[in-house]
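To keep things clear, I will list the structure first and then write my remarks on it.
Number of protein chains: 2
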Amino acid sequence: MKNAVNRDILDELLKNGKEVYQGKYYMDGKYVKKDSPKSKRQVKPQETKLCQSIREACERCGAHDGMTFSFHTEFRDGDYVASMVAKVLVEEMGLKDITVAATSLGNAQEVIATYIEEGKIIGVQTSGVRGKIGEVISAGKLASPAIIRSHGGRPRAVEAGEVHIDIAFLAASTSDIFGNAKGVGGKNNCGSMGFAVHDSHYADHTVVITDTLVGFPNLPSSISAIDVDCVCVVDNIGDAAKISTKEARMTDNPRELMMAENVAKVIAATPYFKDGFSFQTGVGGPSLAVNRFLEKYMVDRNIRMSFALGGTSSAICELQDKGLVDHILDTQDFDQGAINHIFKHPNHHEIDLSEYANPANKGAYVNNLDFVVLSALEIDTSFNVNVITGSDGVLRGAPGGHPDTAAGSKCCIIVTPLTRGRMATVCDEVVTVATPGDCVDVLVTDYGIAVNPLRQDLIANLDEAGIPHVTIQELKEKAYELVGVPDKLDWEDKVIAVVESRDGTILDVVKQVKPFSF
Amino acid sequence: MKNAVNRDILDELLKNGKEVYQGKYYMDGKYVKKDSPKSKRQVKPQETKLCQSIREACERCGAHDGMTFSFHTEFRDGDYVASMVAKVLVEEMGLKDITVAATSLGNAQEVIATYIEEGKIIGVQTSGVRGKIGEVISAGKLASPAIIRSHGGRPRAVEAGEVHIDIAFLAASTSDIFGNAKGVGGKNNCGSMGFAVHDSHYADHTVVITDTLVGFPNLPSSISAIDVDCVCVVDNIGDAAKISTKEARMTDNPRELMMAENVAKVIAATPYFKDGFSFQTGVGGPSLAVNRFLEKYMVDRNIRMSFALGGTSSAICELQDKGLVDHILDTQDFDQGAINHIFKHPNHHEIDLSEYANPANKGAYVNNLDFVVLSALEIDTSFNVNVITGSDGVLRGAPGGHPDTAAGSKCCIIVTPLTRGRMATVCDEVVTVATPGDCVDVLVTDYGIAVNPLRQDLIANLDEAGIPHVTIQELKEKAYELVGVPDKLDWEDKVIAVVESRDGTILDVVKQVKPFSF
Chain G
7 MKNAVNRDIL DELLKNGKEV YQGKYYMDGK YVKKDSPKSK RQVKPQETKL
57 CQSIREACER CGAHDGMTFS FHTEFRDGDY VASMVAKVLV EEMGLKDITV
107 AATSLGNAQE VIATYIEEGK IIGVQTSGVR GKIGEVISAG KLASPAIIRS
157 HGGRPRAVEA GEVHIDIAFL AASTSDIFGN AKGVGGKNNC GSMGFAVHDS
207 HYADHTVVIT DTLVGFPNLP SSISAIDVDC VCVVDNIGDA AKISTKEARM
257 TDNPRELMMA ENVAKVIAAT PYFKDGFSFQ TGVGGPSLAV NRFLEKYMVD
307 RNIRMSFALG GTSSAICELQ DKGLVDHILD TQDFDQGAIN HIFKHPNHHE
357 IDLSEYANPA NKGAYVNNLD FVVLSALEID TSFNVNVITG SDGVLRGAPG
407 GHPDTAAGSK CCIIVTPLTR GRMATVCDEV VTVATPGDCV DVLVTDYGIA
457 VNPLRQDLIA NLDEAGIPHV TIQELKEKAY ELVGVPDKLD WEDKVIAVVE
507 SRDGTILDVV KQVKPFSF
Chain D
7 MKNAVNRDIL DELLKNGKEV YQGKYYMDGK YVKKDSPKSK RQVKPQETKL
57 CQSIREACER CGAHDGMTFS FHTEFRDGDY VASMVAKVLV EEMGLKDITV
107 AATSLGNAQE VIATYIEEGK IIGVQTSGVR GKIGEVISAG KLASPAIIRS
157 HGGRPRAVEA GEVHIDIAFL AASTSDIFGN AKGVGGKNNC GSMGFAVHDS
207 HYADHTVVIT DTLVGFPNLP SSISAIDVDC VCVVDNIGDA AKISTKEARM
257 TDNPRELMMA ENVAKVIAAT PYFKDGFSFQ TGVGGPSLAV NRFLEKYMVD
307 RNIRMSFALG GTSSAICELQ DKGLVDHILD TQDFDQGAIN HIFKHPNHHE
357 IDLSEYANPA NKGAYVNNLD FVVLSALEID TSFNVNVITG SDGVLRGAPG
407 GHPDTAAGSK CCIIVTPLTR GRMATVCDEV VTVATPGDCV DVLVTDYGIA
457 VNPLRQDLIA NLDEAGIPHV TIQELKEKAY ELVGVPDKLD WEDKVIAVVE
507 SRDGTILDVV KQVKPFSF
């Protein structure tokens, strides 16, 4: 069955009420009965929830074959906890048929790739899939298709009961002995724990893992003790220095800076750019750099941002410190500057993934967003964006908040160079649709700007401001002229991943690429 | 069937898995599958959730015959919102067969008594029942027995699905247009909104009612916009000046002060009185006065309180400002001093009823409490306490956090005069059991102190400290000697209220008193 982005979705994937993507507002106003955890009552006075080891916590929480465990990735490439836990479950306890429910998967969790190859881990539900894990899944080694969701789609799926978490293992920078936990005050701080909070509410069992035990009560906390069964203390939960990876760098590439400047120009040309506007950037080089160009326009026109949303970097914190941003609503921190800033500034707030982007609650912040600036691995002439698979068809990306903010915002701007190496970024048809074209408004490249024809209002705004723009077809032609028409990928029949829209409908599938070799 | 406090519970009340009270730890460790709301998805960008009227909000949220609505009573005797809403549902919309789920009911909601008499409101689930509402229920005018629960029992019942709230109407001192709401910053402030938070998570629909609309985002908030369907602005949500009623006064009665001093002596004689102890008082005059005597012992021994729990008054805020209390964990504020203090002191925190006392989560704060000082309408020689019915058998009280803190704390002290008017407070058998005797450790009266024989350790502590004590039988004899043996109440067969233990088992029933006249 074809969906609204023209992808064929096999009937076998449309079980248990699953539907195909039918446009960005298809689910609006429909009711959902939320799922809920099966929780252990604590009636007696308690002395402590401390366990001697992660294994003891696993046993107390009834770890078993066929279970689903979750973890968050606020520590990004510096996360130690997911691997520790996977090792205990698989190697120490010998469990099998395990499903992983992660906010992302990358090099820090590489051991999971091995367990997938060994058939111990048979299911993966995640936003990002990068590195070795992406390769083994792309090679067809996972027993069932990986389910890839956006940051808003994840809490939606948890609340819908499509992911029921048996045990959530949540790395926390500090915790007291009862599990009041947060991302600051420890020896390895991640700042916001917005990726972890929702799991603590919906998992049957929650284990807090920390390297810095503090006095009770550790308040205000991100994770409340009422949701925590066990607390484990380990030497190090992660390497906070690795949180800031190259994705979060501020670019000094002149081509990226030029694109960033053009993005700011586009923003300033729209009617949404007025006092009290709201804004989010992704972590790509040119996206982050938009902050610095936007500042000039804000000062010139004497306007302030009401809130900056999502993943947070020092750049936006500095804008707040200058008085240009009223509130930062922070789901994760990309660098030490942001980690040191959250909770220090009275209006730099932690929010969780449901507040951020869940399209099945009563109004996530993305639904109030004016502008979002996002990157892309590919974008096609229907404005569909791929941030999941490389041009070789291998899983190596993450939708993250991309589809959520694109759908919710009034003006979604994609910024990307026209080509990367020998690959066209703008193309006839993206390998994988992560964000549907009906959510994307403007494309800014190093070879020109294109506006989605659905947004004639924005076209008029750009014309009025004297900002030149072309059709996306012209940009694609230019890209093909520069690097050639991309070769068609050759796929096996096997579906190795399902890409869900933020509302739970099926947006696309990823098949196994052939011939595929490491 | 007799329960563990020797009360006969009719079989007809033991449906749907209901059990009789079987001791304070009976439910410990048992699993519960939590209930959850049926929630309306908001996928589209939103402009506002403001409604023109409460009626419009009711209609948008599908108000219907047979529905259950809830509200909180942080404004105590100054609450306007519950009555406003009840009038809209019953008088404007003409709905019938309505159930009320309240954190308490008193004079501020008197209109509900009329609707009970008229048969429009057919069910009541509450903690407190005072004033006219208590009288009409006691007169048998409610169609089904009222269900009376403690503050911890309420969130437990909601999570168990025993109370499913169709619409929660939550008074908030401030809100933005999307429903981020809190109890400070407005023209009528209640401080903590700890009674409201849990409802916002579990109700199918949530309506925030405020008299002070503020800019978006109103953060940090007590109620999150993701749980809110509608926002209504009214002239006044309440009269904050009426929050501090006589229950919250600081006594100057010498007899009460003497009892308070003796309570402090008992506390200081136990091994739990050491640096980092935790403490809660009720709102009765002598209970509140304990704070001032405790201060002396704390200073003398150079010890500090790690946390003060529960309803909060200026007295404990002043102790915190003097550096004697590390944290205040605040479910409701009893006076303006406390309202002005919460959120100003960095360690004066709002907590919700589930964090406070829910015995079905993974560890409420009451389970970590060292001392609680509570009042009583009656206490019997089995140490069972009545805080629900007057000596005439009419509903005129509230369990509140009484049973929760008594059960969770290491040392529960009841402080009460031996007689009130011509009534014995210490008696053979309380009219209604609100807090079972196995949760009560010490009784302090103006005629002496008695220790529960279950607590031989505390008896030894008092002996060691040279604090005289007698048996509770002796206190009862003294009371009867002073005011005579109480007359037996004459009951109809009709059960007008069921008193649930905090764990959901049935502790007692209240029958209709005969002859009964107003």
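Protein sequences appear in the order of chains G and D. Heads up: the first sequence at position 426 corresponds to 432 in our numbering, and the numbers run straight through without jumps. Heads up: the second sequence at position 64 corresponds to 70 in our numbering, and the numbers run straight through without jumps. Backbone N, C-alpha and C define an ideal beta-carbon position, used for all residues, glycine too. This structure is a prediction, so every number in the text was calculated from the model and none was measured.
Against chain G, the beta carbon of S45 of chain D has neighbours under 9 Å at Y37, V38, K39, K40, E165, A366, N367, K368, listed in chain order. Inter-residue distance for Y453 of chain D and Y371 of chain D is about 33 Å (C-alpha atoms, whole angstroms).
Around K40 of chain D, the same chain offers E165 as residues with beta carbons nearer than 6 Å, after the five sequence neighbours per side are excluded.
Residues of the region 217-248 of chain G with a C-beta atom less than 8 Å from some C-beta of chain D are G221, F222, P223, L225, P226, S230, A231, I232, D233, V234, D235, listed in chain order. Residue-level contact check: A413 of chain D touches chain G, since one or more beta carbons of chain G fall below 9 Å from its beta carbon. Within the region 124-194 of chain D, the runs of beta strand (DSSP E) that reach at least 3 residues and sit entirely inside it are, in chain order, 127-132, 152-154, 173-178.
For M33 of chain D, the C-beta contacts it makes with chain G under 7 Å involve R47, V49, in order along the chain.
In the three-state DSSP reduction, L56 of chain D falls in the strand class (E or B). Residue pairing for D341 of chain D: DSSP places it in no beta bridge. For the region 330-343 of chain G, the set of positions with a beta-carbon nearer than 9 Å to some beta-carbon of chain D reads D332, H333, L335 in chain order.
Taking 9 Å as the threshold, the shortest C-beta distance from Y371 of chain D to chain G falls below it. In the three-state reduction of the DSSP assignment, N346 of chain D falls in the helix class, which pools H, G and I. Residue-level contact by beta carbon fails for F377 of chain D and chain G, as no gap is shorter than 9 Å. Between the C-alpha atoms of M264 of chain G and V448 of chain G there is a straight-line separation of about 16 Å. A direct Cα-Cα distance of roughly 48 Å separates A63 of chain D from K248 of chain G.
By the Cβ neighbour-count rule, S156 of chain G is buried, with 16 or more other Cβ atoms within 10 Å of its own.
Per the coordinates, the alpha-carbon of C418 of chain D lies some 33 Å from the alpha-carbon of V142 of chain D.
Collapsing the DSSP output to three states places A108 of chain G in a strand.
At a cut-off of 9 Å between beta-carbon atoms, K271 of chain D makes no contact with chain G. Between I512 of chain G and I15 of chain G, the C-beta gap is smaller than 9 Å, which places the two residues in contact.
Counting other Cβ atoms within 10 Å of its Cβ, A246 of chain G reaches 16 or more and is therefore classed as buried. Within the region 347-389 of chain G, the runs of beta strand (DSSP E) at least 3 residues long that lie entirely inside it are, in chain order, 354-356, 377-380, 384-386.
Our two residues, V400 of chain D and G140 of chain D, have alpha carbons roughly 7 Å apart in a direct line. Nearest to N259 of chain G by C-alpha distance, out of G:H70, G:C238, G:G291, is G:G291.
When CB distances to chain G are screened at a threshold of 8 Å, the residues of the region 51-62 of chain D falling below it are P51, Q52, K55, in chain order. Just so you know, the alpha carbons of T218 of chain G and N242 of chain G end up roughly 9 Å apart. Within the same chain, Cβ atoms closer than 7 Å to the Cβ of V272 of chain G are found at I419, V448, V450, I455, L468, I473, the five residues on either side in sequence being excluded. Scanning the region 428-471 of chain G from its first residue to its last, the whole beta strand (DSSP E) runs of 3-plus residues come out as 448-451, 454-457.
Secondary structure at A209 of chain D: coil, using DSSP grouped into helix, strand and coil. Of D:T79, D:I104, D:V269, the smallest CA-CA separation from K302 of chain D is found for D:V269. Shown here is that no member of the region 73-88 of chain D has a Cβ falling below 7 Å from a Cβ of chain G.
F313 of chain D has a beta carbon lying within less than 9 Å of a beta carbon in chain G.
Flagged as an interface residue toward chain G: N353 of chain D, by a C-beta distance shorter than 9 Å. K416 of chain G reaches chain D at P51, counting residues in chain order whose Cβ is nearer than 9 Å. Relative to the Cα of K280 of chain G, the nearest Cα in the group G:R310, G:T257, G:N297 belongs to G:R310.
Boundaries cannot be given for S397 of chain D, as no beta strand (DSSP E) includes it and DSSP labels it neither H nor E.
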